[in-house]
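Undergrad:
Residue numbers (the numbering used here): 23 to 284.
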């Protein structure tokens with residue numbers, strides 16, 4: 023219940039729950055489509071010399087329309103790899119089951135554990151403390167930094183401890199997890215992110231690629247800037263569409279004037 027939570031919910035679900043989440047996923051698919059069609063429209067054709075260079079540079083002295091056109095296509099092609107990664111990873115986060123099915127057709131996948139604690143024979147048996155759960159988890163990952171500790175959410179829930187292991191794509195998050203029985207302290211399951219199957223590692227990479235954390239602060243800055251590019255595309259695209267519309271209207275008016283003059 024703080025500002026960043028509200029921003030996160032706005033970005034992830036449009037503050038509309040599951041329906042908003044689906045809408046965001048569909049918009050991510052649309053962004054993928056815009057990227058692919060944009061490449062097709064940008065791709066130089068013909069044999070005229072210098073066309074590749076023209077499509078990769080912004081000409082400042084070509085007038086307002088040419089400036090908007092160049093900004094639209096040049097910024098778009100330079101940020102294309104980032105936009106493709108952000109769009110695909112965002113779709114993966116919204117539709118993980120569907121994307122995992124596609125990934126599983128090409129690469130091996132491991133099912134992520136979701137273990138439960140076993141209810142004790144004696145009613146009223148207390149749960150172990152968070153510190154005890156950490157001490158137990160430390161026997162598995164003794165050197166990895168602890169990033170997060172989730173408490174049991176029900177009588178059969180378990181402690182879930184997230185660690186940041188060497189080789190993970192994350193810089194500020196723990197993709198590796200250990201689940202500990204809240205009553206017996208037994209290690210129920212281990213998810214060692216750097217050593218899971220290739221398909222599962224691909225899925226693990228999607229979130230840190232989406233927010234740029236896989237490349238540290240430089241990656242976060244790149245993703246931040248790429249998040250502003252759709253606004254630029256909207257402004258420049260709207261301007262070009264409006265100018266072309268005005269030209270068509272002017273041509274139609276001249277045509278009607280000539281017909282009336284006859």
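Glycine residues also receive a C-beta, built at the ideal position from the N, C-alpha and C atoms.
1) Give the DSSP-derived three-state secondary structure of residue 180 in the structure shown.
2) Please say whether residue 210 and residue 137 have beta carbons closer to each other than 8 angstroms?
3) Would you kindly check if the distance between the Cβ of residue 191 and the Cβ of residue 236 is under 8 angstroms?
4) Please classify residue 253 as buried or exposed, where buried requires at least 16 other C-beta atoms within 10 Å of its C-beta.
5) Using CA coordinates, which residue listed in 205, 186, 273 and 262 is at the minimum distance from residue 88?
6) Only counting the same chain, and skipping five residues up and downstream in sequence, which positions put a Cβ closer than 7 angstroms to that of residue 279?
7) Once the 5 residues before and after residue 44 are set aside, which same chain residues still bring their CB inside 8 angstroms of it?
8) Report yes or no: do the region 80-94 and the region 238-258 share at least 3 C-beta pairs separated by less than 8 angstroms?
9) For a test of the three-state rule: what should DSSP assign to residue 203, helix, strand or coil?
10) Using DSSP bridges, identify the partner residues of residue 185.
11) Using a threshold of 8 angstroms, state whether the C-beta atoms of residue 224 and residue 125 are closer than that.
12) Apply the 10 Å Cβ neighbour rule to residue 24 and answer buried if 16 or more other Cβ atoms are within range, or exposed otherwise.
13) Within 10 Å of its beta-carbon, does residue 197 have 16 or more other beta-carbons around it, so buried, or fewer, so exposed?
14) According to the neighbour-count rule (16 or more other Cβ atoms, all chains shown, within 10 Å of its Cβ), is residue 186 buried or exposed?
15) For the putative contact between residue 130 and residue 220, defined by C-beta atoms under 8 angstroms, what is the C-beta separation to the nearest angstrom?
16) With distances taken between CB atoms, is the gap from residue 176 to residue 199 smaller than 8 angstroms?
17) From the DSSP output, read off the bridge partner residues of residue 209.
18) Beta carbon of residue 232, beta carbon of residue 83: below 8 angstroms?
19) Check whether the Cβ atoms of residue 132 and residue 218 sit closer than 8 angstroms, and answer yes or no.
20) Taking the alpha-carbon positions, what's the residue 302 to residue 95 distance?
21) Between the Cα of residue 50 and the Cα atoms of 214, 61, 162 and 35, which residue gives the shortest distance?
22) Less than 8 angstroms between the C-beta atoms of residue 234 and residue 245, yes or no?
23) In angstroms, rounded to a whole number, what distance separates the CA positions of residue 120 and residue 228?
24) Assuming residue 190 is part of the alpha helix (DSSP H), what are its boundary residues?
25) I'd like to know whether the C-beta atoms of residue 195 and residue 240 end up nearer to each other than 8 angstroms.
26) Ignoring anything shorter than 4 residues or poking outside the region 96-182, list the alpha helix (DSSP H) runs there in chain order.
TA: A quick look at the data gives this:
1) DSSP, read as helix, strand or coil, puts residue 180 in strand.
2) Residue 137 places its beta carbon less than 8 angstroms from that of residue 210.
3) For residue 236 and residue 191, yes; Cβs fall inside 8 angstroms.
4) Classification for residue 253: exposed.
5) Between residue 88 and the set 205, 186, 273 and 262, the nearest pair of CA atoms involves 262.
6) Annotation for residue 279: no residue places its beta carbon closer than 7 angstroms to its own, counting only its chain and skipping 5 residues before and after.
7) If we look at residue 44 and ignore the five residues flanking it on each side, its Cβ neighbours are 116.
8) These segments touch.
9) Strand, per DSSP.
10) 168 and 198, per the DSSP bridge assignment.
11) In contact: residue 224 and residue 125 (Cβ atoms closer than 8 angstroms).
12) Exposed, because fewer than 16 other Cβ atoms sit within 10 Å of the Cβ of residue 24.
13) Looking at its Cβ environment, which holds 16 or more other Cβ atoms inside 10 Å, residue 197 is buried.
14) Residue environment: residue 186 is assigned as buried (16 or more neighbouring CB atoms within 10 Å of its CB, all protein chains considered).
15) That belief holds up - the Cβ atoms of residue 130 and residue 220 are roughly 6 angstroms apart, short of 8 angstroms.
16) No.
17) Beta-bridge pairing links residue 209 to 202.
18) For residue 232 and residue 83, no; Cβs fall outside 8 angstroms.
19) Yes; because the gap between Cβ atoms is below 8 angstroms, this pair is in contact.
20) Residue 302 is absent from the structure shown; the chain starts at 23 and stops at 284.
21) Nearest to residue 50 by C-alpha distance, out of 214, 61, 162 and 35, is 35.
22) Yes; because the gap between Cβ atoms is below 8 angstroms, this pair is in contact.
23) Taking the straight line joining both Cα atoms gives about 14 angstroms.
24) Here residue 190 belongs to no alpha helix (DSSP H), and DSSP marks it neither H nor E.
25) Contact: no.
26) Counting only runs that start and end inside the region 96-182, the alpha helix (DSSP H) elements of at least 4 residues fall at 102-116, 118-126 and 152-160.
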